[in-house]
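Q:
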Amino acid sequence: MMSEAARALKDAGSITALTGAGISVESGIAPFRGKGGLWDEFDPEEYAHIRAFEKDPKKCWKLFKLQTEETRRAQPNPAHEALVDLEKHGLEGVITQNVDGLHQRGGSREVVELHGTLEQLECFECGHDHRTEDRLDEISEGEIPICECGGPLRPRVVLFGEQLPFAALRKAHELSQMCDAMVVVGTSAQVYPAAALPYTAKRSGSVIIEVNLQPTALTSNVTDHFLQGEAGKMMPTLSQEIG
Ligand code: APR
1 MMSEAARALK DAGSITALTG AGISVESGIA PFRGKGGLWD EFDPEEYAHI RAFEKDPKKC
61 WKLFKLQTEE TRRAQPNPAH EALVDLEKHG LEGVITQNVD GLHQRGGSRE VVELHGTLEQ
121 LECFECGHDH RTEDRLDEIS EGEIPICECG GPLRPRVVLF GEQLPFAALR KAHELSQMCD
181 AMVVVGTSAQ VYPAAALPYT AKRSGSVIIE VNLQPTALTS NVTDHFLQGE AGKMMPTLSQ
241 EIG
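Number 89 in the working numbering belongs to position 89 of the sequence shown; there are no gaps in the numbering.
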């Protein structure tokens, strides 16, 4: 499977990557579903929905604090690095559902953050932008960071019940339609519209290579080469195989 997947990437002119929480697990960031999933501990309806934030921002900040601290401790892992290497072989962009900023820190040049980022905050009242790193003291003390206007700040992540950023979605569609091969790494493919992108790529004639610990809904529907295993091991092997 690995050599066929490497051959497909070698033959591809343009490659796009789609990543999910699984690519950051080996960096110490918990996934949402499956083993050690955040949603087992934090009900997303209670902690990650826009209505939950309106009702009880302090409760939602329990989850945001944990995610922010995990992200700040994390380093890019060999899977992130392998995607940077793939730029030599035609990787045009990484579409990510992750909000940890690890692709950028790993050196990827074109990263489309479909679900926003924990590295930026915005005021829930006036919309004013703030950098998370400027408010780490309040966050680490379990407080809600407050805007100059008095409103509560929230991470600029897409909460359930919210629209995805339009520009990111448009760029993601463009990268999915134009690529000859899509490498899908570490996503359970359960959340739309991100999970629709491999279908978009497939319809445009792309070869789909999927890296995951276990099969997903994509595997039997659109995946041409399924590489079962940890991203931190499979991705560098794939990148070396391409040469
Ligand atoms: N290597 C490869 N795959 C892994 C690894 C690993 N080391 N560890 C876990 N996985 C796989 C799991 O098998 C699972 O399929 O990563 C996937 C993680 O799935 P989710 O936690 O559902 O993450 P994701 O698909 O990114 O979730 C999408 O859902 O809750 C929303 O906004 C949230 O962006 C998130 C979206």
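Idealized CB from N, CA, C, for every residue including glycine.
Bear in mind that the values here come from a model prediction, so they are computed numbers and not experimental data.
Any idea which residues DSSP pairs Ile-23 with across the strands?
A: Beta-bridge pairing links Ile-23 to no other residue.
Q: What residues in its chain sit with their C-beta under 6 Å from that of Gly-37, if we drop five residues either side in the sequence?
A: Pro-31
Q: Have a look at Gly-260 and Thr-132 and give me their C-alpha separation to the nearest angstrom.
A: With the chain covering only 1 through 243, there is no way to say anything about residue 260.
Q: So is Asp-100 buried or exposed if we call it buried at 16+ other beta carbons inside 10 Å?
A: buried
Q: Return yes when the Cβ of Val-184 is within less than 7 Å of the Cβ of Leu-66, no when it is not.
A: Contact flag unset, no.
Q: How many whole angstroms separate the CB atoms of Leu-121 and Phe-53, which I take to be in contact at a CB cut-off of 8 Å?
A: The Cβ separation is near 12 Å, so there is no contact.
Q: Could you tell me whether any non-hydrogen atom of the ligand APR is closer than 6 Å to the CB of Thr-187?
A: For the ligand APR, a non-hydrogen atom lies closer than 6 Å to the CB of Thr-187.
Q: Report yes if the C-beta of His-103 is less than 6 Å from at least one heavy atom of the ligand APR; otherwise report no.
A: no
Q: Between which two residues does the beta strand (DSSP E) harbouring Gln-120 extend?
A: From DSSP, the beta strand (DSSP E) with Gln-120 extends over 116 to 123.
Q: Suppose the cutoff is 6 Å on Cβ atoms and the five residues either side in sequence are ignored; what does the same chain contact list for Glu-148 look like?
A: none
Q: Report yes if the C-beta distance between Ala-231 and Ile-23 is below 7 Å; otherwise report no.
A: Judged by their CB atoms, Ala-231 and Ile-23 are nearer to each other than the 7 Å cut-off.
Q: I'd like the ranges of any alpha helix (DSSP H) spanning at least 4 consecutive residues and lying wholly in the stretch 61 to 105.
A: 78 to 85
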